[in-house]
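Colleague: I'd like to ask you about the structure that follows.
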Amino acid sequence: MNSEQLKRADDIGLADSANNDLCVANAIANAMFCSANAVQVGGNGIDDDAAAELALLAQTRIGNAQAILAELLQRLIEANKQIEHGYTVGSPHG
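For what it's worth, this note's numbering labels the leading residue of the sequence shown as 5, then goes sequentially.
Here it is as structure tokens:
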């Protein structure tokens, strides 16, 4: 693999990581929603400690995804700047 292919693979890996973090956060939100629905129909929901822990985990996963997406955005901005200056893939600047 050349350096450009490695950069693209890294970007794809970061995007996959962000997607995975968001999927986990979504699954946690769905579990909490199901728990709330269970309570509404007379069942047992999760206790307060578990709910707080799940909320913190979801918040952490969303924060991770935000950080990854910010990094990818910065890479995109830098790549666009290089393109605007006429640098091409494989040049000393690109």
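Note that beta-carbon positions come from the ideal geometry of N, C-alpha and C, so glycine has one too.
Small disclaimer: the values here were computed from a predicted structure and weren't measured.
Just verifying my parser: in three-state terms, what is the DSSP assignment at N51?
Modeller: Your numbering for residue 51 matches position 47 in the sequence shown. Here the sequence assigns Asp to residue 51, which means Asn is not the residue at that position. Three-state result, D51: coil.
Colleague: Have a look at N30 and S7 and give me their C-alpha separation to the nearest angstrom.
Modeller: Walking along the sequence shown from the start, residue 30 turns up at place 26. Walking along the sequence shown from the start, residue 7 turns up at place 3. Cα to Cα, the separation comes out at about 35 Å.
Colleague: With distances taken from CA atoms, which of Q44, T64, L73 and A54 is nearest D14?
Modeller: As a working mapping, residue 14 is identified with position 10 in the sequence shown. Comparing Cα-Cα distances from D14 to each of Q44, T64, L73 and A54, the minimum goes to L73.
Colleague: Span of the alpha helix (DSSP H) holding N30?
Modeller: Locating residue 30 in the sequence shown gives position 26, where the first residue counts as 1. That run of the alpha helix (DSSP H) goes S7 to Q44.
Colleague: Report the residue from G46, I32, N41 and I50 whose alpha carbon sits nearest the alpha carbon of I66.
Modeller: Translated into positions along the sequence shown, residue 66 becomes position 62. Nearest option by C-alpha distance: I32.
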